[in-house]
Amino acid sequence: CSISLPELKANHLCGPIVPLSLGFSPMNSRDTGFGKGWGLQLSHFDPVTSILSLSTGETFRIDGPQSAPTVPERKIDSFHFSFEADDQYRVVHKSGLVEILGKILGSDAAWVTQMHSAEGHRVDLSYTLYGGEALLQQISDDYGTLLSVERNGTTSTAVHLHPDKGPNGMPLASFNLSLNNGELVSIALPTTNQASWRFVYELFNEYLCITELRTPLGGHELISYDPQGHQFPQNYYPSLPRVERHEQRPGFSQPAVERRFSYSSENFLGFDASGLVWDEDGLDNLYQADPAYTYSSTEMLWVQDQALRSTTRTFNNFHLLTEETVTQNDNVLTTQTTYHSTPGQPFLQQPAQCQLPDAVLKIWYHPSTSSQTHEETTRTTFDEFGNLLTQENPDGTLETSRYYLATGGDGCPPDPHGFVRNLQDKTITPAPDALGEAPVLCSAYRYALQTGVGAGSTPDWLAISGETLLQVQGASETELQRTTFTYIDEPANRYLHGRKLQETQTLNGQSSITDYAYQRTKSARAEESVQHTVISLSTDFDDVHKSYTLEHSLLNGQPLLNRDDNDVEIAYRYDALGRVTEETVAPGSEEFKAVRKYDYVLSASDGQQAEQTVTNVKGIKTRTLMDGNNRVIEELRQGADESQPEAYKKIYSASYDVRGLLVADTVSDWLLIDATLRELPLTSTYQYDDWGEQ
123 CSISLPELKA
133 NHLCGPIVPL
143 SLGFSPMNSR
153 DTGFGKGWGL
163 QLSHFDPVTS
173 ILSLSTGETF
183 RIDGPQSAPT
193 VPERKIDSFH
203 FSFEADDQYR
213 VVHKSGLVEI
223 LGKILGSDAA
233 WVTQMHSAEG
243 HRVDLSYTLY
253 GGEALLQQIS
263 DDYGTLLSVE
273 RNGTTSTAVH
283 LHPDKGPNGM
293 PLASFNLSLN
303 NGELVSIALP
313 TTNQASWRFV
323 YELFNEYLCI
333 TELRTPLGGH
343 ELISYDPQGH
353 QFPQNYYPSL
363 PRVERHEQRP
373 GFSQPAVERR
383 FSYSSENFLG
393 FDASGLVWDE
403 DGLDNLYQAD
413 PAYTYSSTEM
423 LWVQDQALRS
433 TTRTFNNFHL
443 LTEETVTQND
453 NVLTTQTTYH
463 STPGQPFLQQ
473 PAQCQLPDAV
483 LKIWYHPSTS
493 SQTHEETTRT
503 TFDEFGNLLT
513 QENPDGTLET
523 SRYYLATGGD
533 GCPPDPHGFV
543 RNLQDKTITP
553 APDALGEAPV
563 LCSAYRYALQ
573 TGVGAGSTPD
583 WLAISGETLL
593 QVQGASETEL
603 QRTTFTYIDE
613 PANRYLHGRK
623 LQETQTLNGQ
633 SSITDYAYQR
643 TKSARAEESV
653 QHTVISLSTD
663 FDDVHKSYTL
673 EHSLLNGQPL
683 LNRDDNDVEI
693 AYRYDALGRV
703 TEETVAPGSE
713 EFKAVRKYDY
723 VLSASDGQQA
733 EQTVTNVKGI
743 KTRTLMDGNN
753 RVIEELRQGA
763 DESQPEAYKK
773 IYSASYDVRG
783 LLVADTVSDW
793 LLIDATLREL
803 PLTSTYQYDD
813 WGEQ
């Protein structure tokens, strides 16, 4: 279970972006400040066990000397790990993010204390101890505090976003976590009615598991577990609970969707694998199993005490999905996936691409007439760094990509962190038997080295400097379009440096130029400092010039004002959850100003329905009602009855079935007939075949 919080856009939108999510695992019995089993997914390293846990959810054991550490189970060069001075560790990700992990006083583990964007912008993370565990206390950037966490005794924890940037110096948004006996029982959102996520737990085989979940949309989910569970080899630990039934109740007259699950005795832990002995060495035990070892699970859509549709998934000893079979009545879709692995070889001797797909074969057929089949195959190849080289699609089109070496090449300086990740060109070749004469097109890319912010105090980085679209005919290439990019080069100016300065697009020898100018300014209407961006358009072949203006919040990047080249302005306001609450056209003109308002209701208690109300420029309101799965099931609008202008009339309704599919919707108009207001409904019904096609 994972719940996402609003991401943090640090350093006045310069980066890095800090994604935040609260994750739950029954295998984590600790309370790190958010309740038993819950925690923020942040990178950390345990020097005692040498286990590195990344924010992506991956875990690896680090081997070798500190001067040259190795990661034995990492096949793809997706990150670089190194030991630094003063009990610090560096993780450089292929995405460009750099994390510094540091020891927390009183804790054995080293947690991420700094995050750096590729351009060199930085956020700092600080921690406090709670029950001997590191609890995130604050995230800050060059301009202040982005997030703070406040644990209040044993009953609550508060997560504050921009804790001093809201009204009257209060937090911009606060998420309040309520705890009971160390268990997280609710997460209240920053809404007027304190809409919330709500949880119920039960202990199975010493593991704390979620059995009920209620969502802010009004949904209710019930989860039951198989007491036998997934067994460990040699029963090293108590069996791990596994879900046997999951019921989603959207409520509000929509039927529940029930799924049931069954499992093979073999499992991802390696139970019953010949010769496998469980070892707590930080490596994946299943990698040591016989290459023929597989395990499977079956998911059944349960309707009227029987399975309407079943989905069986089979995995190999590298945890890779090798086959998925979906069956409904006499209709079967099987997806078979092969990988770039060497049969019979242990994991450590497999090629780097062994976890990446070689071919994905989809087969549609009827078991009663198995001779009638339809097949589609997608084939892919990758380099040893995990970059996609070729993809042959079922329609016969071929996509081919090349990448610059880590040492660079013509059009690309050496990669600052030694990764092979910069796309050199991508060619799309149409199917050989395609009708007509579709051309072979190639997009080629060039890069330029940019100085890190801080005038050399941070590493350099690469930015795309050019993109050229070419038509390929045999050995000859014809340029169709060329786009070049330049960037602001002021390393001492942390706000401006590295932003796009100009984009020039050339077609048939004529160029269109887009210039960008940025500044920070105080917006009286938004009551906050904003990023003011002016985008100017011009050409080298006429005297036409256009410009438009954008304003974005420096806190979260939300658009606050758009002004086009005709000076038409649209301004926006938002609530604490980032939802639009007001759109205003011509906000500076009392004569021409037009306002549309939005109001929202989320669920804070059982039976409360989520809805949105829109008030248009004439004051007429439209209510949109949702079920617990966030599906629109009803719309009502004012104004149909002149004698009762504020009365709501239904204009739309929808119904879903036990498969979660739309089966009927009705659009209603209202007409005054013989002095009586009558509803004129138009209903559409929908049917689906066993393949799920409408």
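Going by our numbering, the sequence shown opens with residue 123, and the numbers climb by one from there.
Note that CB positions come from ideal geometry on N, CA and C, so glycine has one too.
Being a predicted model, the structure only gives us computed values, none of them experimental.
Limits of the beta strand (DSSP E) - the one that residue i falls within
{"i": "residue 776", "result": "771-778"}
{"i": "residue 256", "result": "255-263"}
{"i": "residue 400", "result": "Where residue 400 is concerned, there is no enclosing beta strand (DSSP E), given that its DSSP letter is neither H nor E."}
{"i": "residue 245", "result": "244-252"}
{"i": "residue 349", "result": "342-352"}
{"i": "residue 379", "result": "379-385"}
{"i": "residue 564", "result": "562-572"}
{"i": "residue 181", "result": "181-183"}
{"i": "residue 367", "result": "362-371"}
{"i": "residue 422", "result": "417-425"}
{"i": "residue 657", "result": "650-661"}
Boundaries of the alpha helix (DSSP H) in which residue i is found, first to last residue
{"i": "residue 441", "result": "Premise fails: residue 441 is in no alpha helix (DSSP H) and is neither H nor E."}
{"i": "residue 134", "result": "132-135"}
Spatially closest choice to residue i from the options, by CA coordinates
{"i": "residue 449", "options": "435, 460 and 611", "result": "435"}
{"i": "residue 765", "options": "799, 738, 140 and 212", "result": "799"}
{"i": "residue 476", "options": "784, 351, 199 and 637", "result": "199"}
{"i": "residue 179", "options": "189, 311 and 124", "result": "124"}
{"i": "residue 761", "options": "791, 177, 545 and 492", "result": "791"}
{"i": "residue 864", "options": "243, 654 and 235", "result": "Summary: the structure shown does not reach residue 864, with the chain confined to residues 123 through 816, and so no result is reported for it."}
{"i": "residue 665", "options": "680, 671 and 633", "result": "633"}
{"i": "residue 739", "options": "530, 771 and 705", "result": "705"}
{"i": "residue 647", "options": "698, 692, 497 and 657", "result": "692"}
{"i": "residue 719", "options": "510, 295, 743 and 728", "result": "743"}
{"i": "residue 747", "options": "621, 741 and 725", "result": "725"}
{"i": "residue 176", "options": "185, 186, 183 and 165", "result": "165"}
{"i": "residue 612", "options": "606, 604 and 621", "result": "621"}
{"i": "residue 619", "options": "591, 432 and 582", "result": "582"}
{"i": "residue 380", "options": "374, 357, 342 and 364", "result": "342"}
{"i": "residue 516", "options": "628, 496 and 534", "result": "496"}
{"i": "residue 372", "options": "758, 787 and 753", "result": "753"}
{"i": "residue 194", "options": "473, 227 and 168", "result": "473"}
{"i": "residue 155", "options": "375, 253 and 749", "result": "253"}
{"i": "residue 567", "options": "549, 593 and 533", "result": "533"}
{"i": "residue 486", "options": "511, 458, 552 and 509", "result": "458"}
{"i": "residue 91", "options": "780, 804 and 795", "result": "Outside the displayed range of the chain (123 to 816) lies residue 91, so it cannot be described from this structure."}
Presumed contact (8 Å Cβ cut-off) between residue i and residue j, rounded CB distance
{"i": "residue 518", "j": "residue 554", "result": "6 Å"}
{"i": "residue 659", "j": "residue 673", "result": "At roughly 18 Å, the Cβ-Cβ gap does not stay under 8 Å, so residue 659 and residue 673 are not in contact."}
{"i": "residue 461", "j": "residue 478", "result": "6 Å"}
{"i": "residue 412", "j": "residue 395", "result": "6 Å"}
{"i": "residue 301", "j": "residue 276", "result": "7 Å"}
{"i": "residue 525", "j": "residue 469", "result": "The Cβ separation is near 25 Å, so there is no contact."}
{"i": "residue 344", "j": "residue 351", "result": "Not confirmed; about 19 Å, so no contact."}
{"i": "residue 400", "j": "residue 354", "result": "6 Å"}
{"i": "residue 774", "j": "residue 757", "result": "4 Å"}
{"i": "residue 527", "j": "residue 565", "result": "Contact doesn't hold; Cβ gap of about 19 Å is too wide."}
Where residue i sits in the DSSP three-state scheme
{"i": "residue 86", "result": "Nothing about residue 86 can be reported from this structure: the residues present for the chain run from 123 to 816 only."}
{"i": "residue 301", "result": "strand"}
{"i": "residue 409", "result": "helix"}
{"i": "residue 450", "result": "strand"}
{"i": "residue 291", "result": "helix"}
{"i": "residue 274", "result": "strand"}
{"i": "residue 471", "result": "helix"}
{"i": "residue 141", "result": "strand"}
{"i": "residue 194", "result": "coil"}
{"i": "residue 355", "result": "helix"}
{"i": "residue 646", "result": "coil"}
{"i": "residue 309", "result": "strand"}
{"i": "residue 638", "result": "strand"}
{"i": "residue 123", "result": "coil"}
{"i": "residue 486", "result": "strand"}
{"i": "residue 465", "result": "coil"}
{"i": "residue 459", "result": "strand"}
Below-9 Å beta-carbon distance, residue i vs any chain C residue
{"i": "residue 711", "result": "You won't find chain C in this structure, because it holds only one protein chain."}
- Item | Stretch-stretch touch, CB-based, cutoff 8 Å, three pairs: the region 337-346 with the region 311-328 | yes
- Message: Under 8 Å: do the region 326-335 and the region 307-316 share three or more Cβ pairs, one atom per stretch?
- Response: no
- Query: Touch check for the region 381-401 and the region 414-428: three-plus C-beta pairs under 8 Å?
  - Reply: yes
- Query: Between the region 125-143 and the region 264-273, do at least 3 Cβ pairs fall closer than 8 Å?
  - Reply: yes
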